[in-house]
Structures are given as C-alpha cells and as structure tokens.
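K.L.:
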Amino acid sequence: MKTRVVKVDQVDPDIGVLKEASGVIKNGGTVVFPTETVYGLGANAYSAEACSKIFKAKNRPEDNPLIVHVANRRQLLDCTSEQDPEVMRALDSIWPGPLTVLMKRSSRIPDNVTAGLDTVAVRMPANPLALKLIEMSGVPIAAPSANIATRPSIVDSADAIAELDGLVDMILDAGPTFFGIESTIINTMKKPVELLRPGAFDHADLEPYFDNIVVSDVARGISASEIAITPGMKYRHYSPDRELYILSDAGLIKSFPTGAVGEKAMLIMSSEKFEGLSVDGISLGSEENLYEIARNLFTAFRKLERTPKAFGLIQSFPERGVGLAIMNRIRKASSGTINSKEELEALLHSG
Ligand code: AMP
Ligand code: MG
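In my numbering, each residue's number is its place in the sequence shown (first place is 1) plus 823.
#1: What I want to know is whether the C-beta of P888 ends up closer than 7 Å to one or more non-hydrogen atoms of the ligand AMP.
#2: Per DSSP, A981 forms a beta bridge with which residues?
#3: Taking only heavy atoms of the ligand AMP into account, decide whether any of them is closer than 7 Å to the Cβ of I1091.
#4: Which whole-angstrom value describes the C-beta separation of P770 and A868, a residue pair presumed to lie in contact below a C-beta threshold of 8 Å?
#5: Below 8 Å on the Cβ atoms is my guess for K849 versus G961; work out the distance and round it to an integer in Å.
#6: Quick one: is I1008 buried, meaning 16 or more other Cβ sit within 10 Å of its Cβ, or exposed?
#7: According to DSSP, is N935 part of a helix, a strand, or is it coil?
#8: Under 6 Å Cβ to Cβ from W918, same chain only, skipping five residues before and after it: list those, please.
#9: Determine the direct distance from the alpha carbon of G1099 to that of R883, and round the result to whole angstroms.
#10: Considering only heavy atoms of the ligand AMP, does any lie closer than 7 Å to the CB of V910?
#11: From V978 to G998, what does the alpha carbon distance come to, in whole angstroms?
#12: Go through its chain and collect everything with a Cβ distance to M993's Cβ below 8 Å, but skip five positions before and after it.
#13: Taking the beta carbon of I1105 as the centre, do at least 16 other beta carbons fall within 10 Å, making it buried, or is it exposed?
#14: Rounded to whole angstroms, what is the Cα-Cα separation between D1179 and P1063?
#15: Short of 7 Å in beta carbon distance, which residues of its chain neighbour T858, apart from the five on each side in sequence? Order them along the chain.
#16: Between the C-alpha atoms of R1129 and E958, what's the straight-line distance to the nearest angstrom?
#17: If you follow the beta strand (DSSP E) that H892 is part of, which residue opens it and which one closes it?
#18: Roughly how many angstroms lie between the CA atoms of A1156 and H1060, to the nearest whole one?
#19: Can you tell me the Cα-Cα spacing of A1148 and D1025, whole angstroms?
#20: Residues in its own chain within less than 8 Å of I1161 by CB, not counting five upstream and five downstream?
#21: Quick one: measure Cβ to Cβ for A1088 and K1132, integer angstroms, because I've assumed they're closer than 8 Å.
#22: Nearer than 7 Å: is that true of the beta carbon of T853 relative to any heavy atom of the ligand AMP?
#23: Quick test of your reading: V945 and V891, contact by CB under 8 Å. State the CB separation rounded to the nearest angstrom.
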C-alpha cells in the first residue's frame, strides 16, 4: 500500500491537508493522526469495513475493542443509546480531554469496533487537528493507539512513519504529542465510577466530577479476571523488542560497580537517579514532574530497542497522580521486577 505522509501543524492545521485526510476517512481509508495523548490509527467508526482495516494494519486481535473519537455532542448521541444526565454534565466540563468513558452503544456502531460488547468507549480529544479532522470527516473516528499490536504506543510522527509506512493510507506528520501517554478509561455505568485504565487524567482531575472513583484491579495491572472487564488489558502491551525489568529500588545498582551494570543493562531512570553515577542510560526527565516522565516513557522504550545492551532496567515511580498510569505501562511492558541484590546479580550474570 502506498502511504501519503504529509507534514501538518497540530494547533493550526492547513485546511488543504485536512480536506485530503477527511476525504480518506470518508472513502473508508485509514489515517494516522495525533491526539493530545498518543497517535491514533483512525477510520470511519460507522463502517465495519473501514474499521477492519485498523485491525489488519495493527495486527490487533479482533476481541480488543477500539475507542471512538467524537468532535461534538451530536456525534456522542449518535454513538450511544443511553446517556446518564449526570455523566453528560460532567463530560460537558471535562471534554475535550484525555478521558474515555464507556457507554451503551447505539446500533450505528458496528460489532467489530466494540468487539461484540454492548458498550462503546468514547472520547473527545483535546487536539485541534484531531477535532477538525473528525468534524470535516462528518463521522466519529474509531482509533486505537497507532502502534503495531504489543509495541510501545507512538508519541512522535517520526516513529509513526517508521512503523506504519506502507500499512495505512495516510500519516499526518505533526511531531510529538502533548501528554505522550494514553487516555484514562472509566466505566460510568458503575456506581461508584470505576477506573479501568489509568491515563493522562489522574484522580485529582476527575474527583470534582465523580465521587469515590474505584481503582479496579485491572487498572493496577494485577487482576486475573481482567478479560471480562476490558478486553485489551489481557494482551502483552507497550513492550519494546528487548527485555525490560523493573528495579523495585533504584539504589540496588549501587551494590555493583557501575561498569558491571552498564555493560549489560541500559538504565532508564529519572535525571535525579542518574546524578553521581558514571554510567550512561536513558533519562526520563525530572521526578519533580511526573508528566515529563510520562511524556518520555514510550520514547525511552523505543530508544532501548536501538541500544546494543542485553536488557533494560527501569526504576519504579510512586503510584500517585499520573504515576499510577506510568507504573501501569511499565508493569505491562516489563518481564518482571528485581527486588534484591541477589536477583540483580543473577540477572547480570545470565545469558
Ligand atoms: P488503545 O486505543 O490502543 O489505547 O486501546 C483501547 C483500550 O480501550 C483497550 O484497552 C480496550 O480494551 C479498551 N476498550 C475499548 N472499548 C471498550 C469497551 N467497550 N469496554 C471495555 N474496554 C474497552
Ligand atoms: Mg494501544
């Protein structure tokens, strides 16, 4: 497939480019576009045939449903069959933004978009380019994260081009995304509201609108029965093509000569944790700003793949605020946690 790659500004997009991209959506094609969270791989959410191209391009399992992106209230009403007035009021204040909600689906949404579920995951993205693209297409756009299934999400168009050229009709080359981590998913049909996937919006962002949000085990990444709740969560996710281990305590590396660690492992840590260490690694930015850590996370996973090191070692972060989303992604991307000096020693001497 020949892919059209077109440079465009995310904030003030060229109308000609938008006409072309919305034309592709109207004609049942696929477009990779930025949202404020990560890049999405989109198609007409009302067309089963168009959406089947998303699954094919990403190699996404058919039982993993897609998020439907809307540009206005009219489209939200068209996608859903029941609306809780309280939730609608909350969404009026929160949207556009990185919050995805589950609602009862309408008959306009084809089966393959929801993987046969009677609910649909909907969101209005806070990205001018994405909003105008949806508006001009005249239909909601179903779009999962643009990465090939199991791979780290794509937060910069350079990675979108490297990964998807030849697999989609069009890529909007618009540089890095704002948050660099996916939307928060909540189930508003449950009372109290249940957090299914932590994301760019944290508890503090949502608490003014929803009382006593319950963090599901799925959201923590520790549930065995997650399949029934949010199908996508059961799959290997966000994973670089290189083993990654979590350090329960970054101080563990100080038990070894830095050379011994650096020879085998690529360290992925905050700038603070690298202070005073004479070893190179991938810095995630300052721990003082967990949004910066979140924004650099997926790019760090992709950098790890390009190093000659045997595996990556990543520090853990406090599960507060957006730290909950950061640790959720790190856990899913990693093969395990190193809890002691002995475990780290065994790892350094393996292979
Ligand atoms: P992605 O767009 O790649 O971030 O993945 C979308 C996420 O939303 C996946 O984890 C899906 O399982 C989840 N999702 C989408 N639709 C539904 C739904 N109707 N019910 C529960 N989870 C959903
Ligand atoms: Mg994804």
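Positions of the beta carbon are idealized from the N, C-alpha and C atoms, including for glycine.
P.N.:
Reading it off the structure:
#1: yes
#2: Per DSSP, none; premise fails for A981.
#3: No, since every heavy atom of the ligand AMP falls outside the 7 Å radius drawn around the Cβ of I1091.
#4: No information on residue 770 is available, as it lies outside the stretch 824 to 1174 that the chain covers here.
#5: 7 Å
#6: buried
#7: helix
#8: Within its own chain, the residues whose Cβ lies closer than 6 Å to the Cβ of W918, once the five positions on either side in sequence are excluded, are M947, listed in chain order.
#9: 43 Å
#10: Because no heavy atom of the ligand AMP lies under 7 Å away, the Cβ of V910 does not count as near it: no.
#11: Cα to Cα, the separation comes out at about 8 Å.
#12: T826, R827, V828, V829, E843, A844, V847, G852, T853, V854, V855
#13: buried
#14: Outside the shown range of the chain, which is 824 to 1174, sits residue 1179, and nothing can be said about it.
#15: P948, N950, A953, T1000
#16: If you take the alpha carbons of R1129 and E958, they lie about 38 Å apart.
#17: 890–892
#18: 6 Å
#19: 8 Å
#20: Y1068, I1069, L1070, S1071, L1075, L1136, L1167, L1170
#21: 6 Å
#22: no
#23: 5 Å
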